[in-house]
Amino acid sequence: MPKLYSSKNIVKILHKKGFVFVSQKGSHIKMRKAGHPPFTTIVPAERKQVPIGTFKSILRQANLTEKDFR
768 MPKLYSSKNI VKILHKKGFV FVSQKGSHIK MRKAGHPPFT TIVPAERKQV PIGTFKSILR
828 QANLTEKDFR
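With my numbering applied, the sequence shown corresponds to residues 768 to 837, in that order.
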C-alpha cells in the first residue's frame, strides 16, 4: 500500500519546491509556481490522509514526481 500524505505535508513540500499560497476557498487551497507555463495546483485543506488518486492529480498539476515527496 502506498504511503498517504496529509494536506499539511503536501503544502509544506510544495512550498519548498517554489509554490506560493494564492487563495483558499472552502476546503481547497490554491498554490502557484511562477514560470513558463505557471503551474497552479489545488490541494484539499485539513485532510489527515489525501487519497492516492487525489495525490497523483496534485503531482500532475504541479509537474512533480513522487520522488520529490520522499
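Every residue, glycine too, gets a C-beta built ideally from N, C-alpha and C.
Would you call the stretch 812-822 and the stretch 768-786 in contact, with 3 or more CB pairs under 8 Å?
The stretch 812-822 and the stretch 768-786 touch, with no fewer than 3 CB-CB distances between them shorter than 8 Å.
In terms of alpha-carbon separation, which member of 837, 808, 794, 795 lies closest to residue 787?
Your numbering for residue 787 matches position 20 in the sequence shown. Of all alpha-carbon atoms in 837, 808, 794, 795, the one lying nearest the alpha-carbon of residue 787 is that of 808.
Sequence-distant residues of its chain with Cβ nearer than 8 Å to residue 784 (five each side left out):
Working through the sequence shown from its first residue, we reach residue 784 at position 17. So the qualifying residues of the chain are 800, 829, 831, 835.
Tell me which residues share the same chain as residue 789 and place their Cβ nearer than 7 Å to its Cβ, disregarding the 5 neighbours each side in the sequence.
The count along the sequence shown starts at 1 and reaches residue 789 at position 22. Excluding positions up to five away in sequence, the list reads 797, 798, 799.
Per DSSP, residue 824 forms a beta bridge with which residues?
As a position in the sequence shown, residue 824 is number 57, starting the count at 1. For residue 824, which the question treats as bridged, DSSP gives no partner whatsoever.
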